[in-house]
Each structure stands twice: as C-alpha cells, then as structure tokens.
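The opening residue of the sequence shown carries number 10 in this note's numbering; numbering runs sequentially from there.
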Amino acid sequence: MEGDFSQRMGFVPMKPDVQLDDININLKTALWNVLLTKYLNGYAPKVGSMYRQINGSNRQFFATNFYANFEKLPVDIMPKDWAKFVAALRQRFFDAMPWHRIYSLIEFVIEEGGDRYRPILVSSFNSALEREGSGFRIVDNYVVPITSPEEMSAVEDAFSNATAYQGISEHLSAAVRMLSDKQNPDYRNSIKESISAVECLARHLTGDPSAVLGQALKVLEKKHHLHPALNKAFSSLYGYTNDANGIRHSLMDDGTALTSADARWMLISCSAFINFAIDSTKE
C-alpha cells in the first residue's frame, strides 16, 4: 500500500510539490543526511593521532578547499577540530545557505569526492532529490533541471555512447554545465553546444569535416536502413535547428528570450539522436 497513515488519510500529500526555486526543510534534511553519511563521516585522522584534527587527516584538502574556494573565507579562521568543522558546516547549510548555494555545494562535494565517493554520492543525492520532490537531478556531476528518469537516461547514455567519438562528450558536458548554472544560466550557448554535439557525430559518421545533421541522416538511411518515420522525425529536428524560424536562427538574435525548457529540450533531443545513431551503426 502506497504511503504511510498520514498520507493515506490525506493529512500529508502523497508526493511533495516539485521544488524549482526553493528547498523545503524535508529536502534540505535529506540532502544533509547524504552529505553527512556518505562523505563527511568518512573522516579519518592522521595515522597515530588520538585527536580529531583536520590537519593531516583525509579531509584536510576538502576542508581547506571549502573555506578557500567555495566560501571564499580566510583559511586561518577554519576550525582545527573536525567535529567543530562539521558543526559549523551544518549551521551554515541549514541557516545561511540560499537554495542555489546548497546545490552548488552538492556539485562541489561530488567533485571533491573523486572516483572513490562520486558514484555513491550521485546515486544517493539523486534518490533524495527524487524522493523529496526536487525539480533537479544530477547528470554528469552537475545539478540540472531534469526530473524524468527517461530524460536522465537519454543524456547519461549519450555520454557513455560517445566515448569512442572525440568531441561529442565535451560538447554535451558544456551544454549541461551552462544549463545547470543556477545563478547565471546560459541557455543560448547550452543549446549551441547540444547542436554542436550532434554535428560532431555527423562528421564522424560521414567522414566529412563540414557535415551537419541532415547529411548524417542520409548516411543512416542508406547504410543502416533508417526507418522513413524516424528519418522524418529527426529531419524535423534538423529543420527546427536550421530554418529561418528555428532555434539556430534565433540564436543569432540576442533579443530572443530562450528558456530553461528550450535548452533542456534540445539537450534531451540531441542526446536521444546521438544514442540512436550510434546504436544504429553497431547493428
């Protein structure tokens, strides 16, 4: 049976409202618990030390980097004791950080975690984000406005599939990074990077350094028996990006207001095409 007693009786919503420009206390607590249990509690003191000092510990670099590069604070005011550092971070997290800085902190911790901690951090943070109704998920180590598992899978698969094709992952990563900037998102250039990822694949598929999506479709149709209906669908994407009223034309007009939805749609659509095209060439 779905939900606990309070939810089934209608006293508490079955699902929280999607949070796009705020973080409520339940979501904040869930994110803190992941940060604490999956990363901060992994602290280990200097070998042979009886005290929980930061200096010499496995979290010295993280703590110093947090003060110097994330908070932009003098490192000489940083607590020397790990427990006091965590307590200060907790107070800042719950009482002082705006919602967008919490997401920035998550990205910072994922980066600092390295290969050892990154997979469990991404998985655990995404579970908390989904469970508590956040309008964001972590893709390519960035917090982005994507909530659908299918959309996330399309983008993540594109990164995985593109490893054998130089340049595609770089364009996709740039598109995600520009879309995910909470304070200064660059939707225009995010869209450009998504389109560039497709055009990069087109050059690989055709062997033509100047090829665009339309030429890649011809190769897929001829060599890999692209279904006419799929050809038409992807041709529509090509037309949308290139005709006089399409996004490519709009990008040249700085007066055109582009939105997160525009950039997200283009990232997902281009990722889906990359997946399809690469999978088709394997058959």
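For every residue, glycine included, the Cβ atom is placed at its ideal position computed from N, Cα and C. Remember, predicted model here, so these are calculated numbers, not experimental data.
Residue environment, residue i, which counts as buried when at least 16 other CB atoms sit within 10 Å
i    : result
A253 : Only weak support exists for where A253 lies, its pLDDT of 49 falling under 50; the value from the coordinates is given anyway. By the neighbour-count rule (16 or more Cβ atoms within 10 Å), A253 is not buried but exposed.
L44  : buried
S189 : buried
L29  : exposed
I277 : buried
E208 : buried
F71  : buried
F103 : exposed
Rounded straight-line distance, which links the Cα of residue j to that of residue i
i    : j    : result
R212 : I86  : 53 Å
A167 : A281 : 7 Å
F285 : L210 : 11 Å
G176 : S169 : 13 Å
E141 : T38  : 10 Å
T215 : S244 : 16 Å
L130 : I115 : 9 Å
P154 : M161 : 10 Å
K191 : T156 : 16 Å
D13  : A137 : 18 Å
I32  : W108 : 6 Å
A242 : H236 : 10 Å
S178 : V164 : 10 Å
D217 : N35  : 52 Å
S219 : Q62  : 58 Å
Reduced DSSP category for residue i - H, G, I as helix; E, B as strand; rest coil
i    : result
I147 : strand
Q62  : strand
Q28  : strand
P118 : According to the sequence as given, residue 118 is Val; it is not Pro. Three-state DSSP puts V118 in a helix.
D190 : coil
D13  : coil
D90  : strand
From the options, residue whose alpha carbon lies closest to that of residue i
i    : options                   : result
L222 : A77, A206 and P237        : A206
S203 : R146, E165, M275 and N150 : M275
D288 : Y60, S189, L29 and Y174   : Y174
G122 : N74, R99, R61 and G142    : N74
F117 : E159, F134 and N240       : F134
W41  : V84, Q100, A77 and C279   : Q100
K47  : R197, I119 and P194       : I119
V185 : L49, V152, S219 and T290  : V152
D90  : L36, L267 and R68         : R68
G51  : P194, D217, H180 and A92  : A92
T172 : A105, I283 and K231       : I283
V95  : D149, M187, A238 and L49  : L49
Beta-carbon separation (whole angstroms), residue i vs residue j, contact threshold 8 Å
i    : j    : result
A272 : S199 : 4 Å
T196 : F145 : Looking at the sequence provided, one finds Tyr at residue 196 rather than Thr. About 16 Å; that fails the 8 Å criterion.
A77  : P88  : Actually they are not in contact, since the Cβ atoms of A77 and P88 sit about 14 Å apart, beyond 8 Å.
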